[in-house]
Amino acid sequence: MSETETWMSTPLSSTEPWMVVGLGNPGPEYAGNRHNIGFMVADLLAERIGGTFKRSGKAQAQVLEGRIGPPGPASRRVVLAKPMAWMNLSGGPVTALKDFYKVPTDRIIAVHDELDIDFGTLRLKLGGGDNGHNGLKSITKSLGANYLRVRAGIGRPPGRMDVAAFVLKDFGSAERKDLDWFVDRAADAVEALVSDGLERAQGAYNS
Numbered sequence: 001m002s003e004t005e006t007w008m009s010t011p012l013s014s015t016e017p018w019m020v021v022g023l024g025n026p027g028p029e030y031a032g033n034r035h036n037i038g039f040m041v042a043d044l045l046a047e048r049i050g051g052t053f054k055r056s057g058k059a060q061a062q063v064l065e066g067r068i069g070p071p072g073p074a075s076r077r078v079v080l081a082k083p084m085a086w087m088n089l090s091g092g093p094v095t096a097l098k099d100f101y102k103v104p105t106d107r108i109i110a111v112h113d114e115l116d117i118d119f120g121t122l123r124l125k126l127g128g129g130d131n132g133h134n135g136l137k138s139i140t141k142s143l144g145a146n147y148l149r150v151r152a153g154i155g156r157p158p159g160r161m162d163v164a165a166f167v168l169k170d171f172g173s174a175e176r177k178d179l180d181w182f183v184d185r186a187a188d189a190v191e192a193l194v195s196d197g198l199e200r201a202q203g204a205y206n207s
């Protein structure tokens, strides 16, 4: 049985919450960076829910509680989170929030930038390696690898440009033309994971 089949075979409880973690670096100077696309997706989901992020008293993070899905019993309780620690320390806030809200690890969705996927492309998966991403590396060290990921492609740096410099630069002018669409699609993918499960969401969004 594959990881996807194992995950799909577990009945979805309407009472256990989900947690969506948008990964990024705190501070206005990083807001438009490629590395902060997870924050961008989390901010859009907050708009859709109709709430405002507030500083958590339980972790170094901004948090918003709400529901995703159609109104009524089919909707799912969700905790949106943006760690306010540096990217490479994301595991601490995520673990504290997981413990406080009692979120199963396989109901945590990390939204992050992905170098090995072209800009504008999404990949959804459960588990796996961190591919050198410091935010994932920190979360995996704290929780293990059995959490969901929405991998938002940003592509590789041009020429010999350093990877760290590339991810900490703002999206280029050509990318910004499609950035709103891409963030919107990534937010849709998160909602599909929560409402429809991994297999259906992969079928719809693993473009």
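When we follow the UniProt record's numbering, the leftmost residue of the sequence shown carries the number 1, and every step to the right adds one.
C-beta atoms are modelled at their ideal positions from N, C-alpha and C, and glycine is treated no differently.
In this text the structure is predicted, and so the values were computed from the model without any measurement.
Counting along the chain, where does the beta strand (DSSP E) carrying Ile68 start and finish? Counting from one through the sequence shown, the residue named residue 68 turns up at place 68. Here the beta strand (DSSP E) through Ile68 covers 61 to 68.
For Pro183, which residues of its own chain have a beta-carbon under 6 Å away from its beta-carbon, when the five flanking residues on both sides are left out? Against the sequence shown, residue 183 aligns to sequence position 183. According to the sequence provided, residue 183 is Val. The question's Pro does not apply to it. Cβ neighbours of Val183 beyond the five flanking positions: Met40, Val41, Leu44.
Which complete alpha helix (DSSP H) runs does the stretch 52 to 122 hold, if anything under 4 residues is left out? 91 to 101
How would you call Asn206, buried or exposed, if buried means at least 16 neighbouring beta carbons within 10 angstroms? The residue you call residue 206 lines up with position 206 of the sequence shown. Label assigned to Asn206: exposed.
Looking only at its own chain, which residues have a Cβ that is under 8 Å from the Cβ of Lys169, when we skip the five neighbours before and after it? If you number the sequence shown from 1, residue 169 lands on position 169. Closer than 8 Å at the Cβ level, and outside the excluded window around Lys169, lie Asn33, Arg34.
One or two residues paired with Ala152 in a DSSP bridge: In the sequence shown, counting from the first residue as 1, residue 152 sits at position 152. Partner(s): Asp113, Leu122.
Would you report the Cα separation of Ala31 and Arg149, rounded to the nearest angstrom? Position 31 of the sequence shown, counted from the first residue, corresponds to residue 31. Position 149 of the sequence shown, counted from the first residue, corresponds to residue 149. Ala31 and Arg149: Cα-Cα distance of roughly 21 Å.
If you drop the 5 nearest sequence neighbours on each side, which residues of the same chain put their C-beta closer than 6 Å to that of Ile154? Position 154 of the sequence shown holds residue 154. Closer than 6 Å at the Cβ level, and outside the excluded window around Ile154, lie Arg34, Asp113, Phe119.
Taking 8 Å as the limit between beta carbons, can you name the residues of its chain near Asn88, skipping five residues before and five after? Looking up residue 88 in the sequence shown gives position 88. Counting only Cβ-Cβ distances below 8 Å, and skipping sequence neighbours, we find Asn134, Gly135, Lys137, Ser138.
So, does the stretch 192 to 202 touch the stretch 56 to 64, judging by three or more C-beta pairs under 8 Å? no
Residues sharing a beta bridge with Gly22, DSSP: Walking along the sequence shown from the start, residue 22 turns up at place 22. According to DSSP, Gly22 bridges with Val111.
Close Cβ partners of Arg200 (< 8 Å) along its chain, the five nearest in sequence each way excluded: Walking along the sequence shown from the start, residue 200 turns up at place 200. Cβ neighbours of Arg200 beyond the five flanking positions: Ala192.
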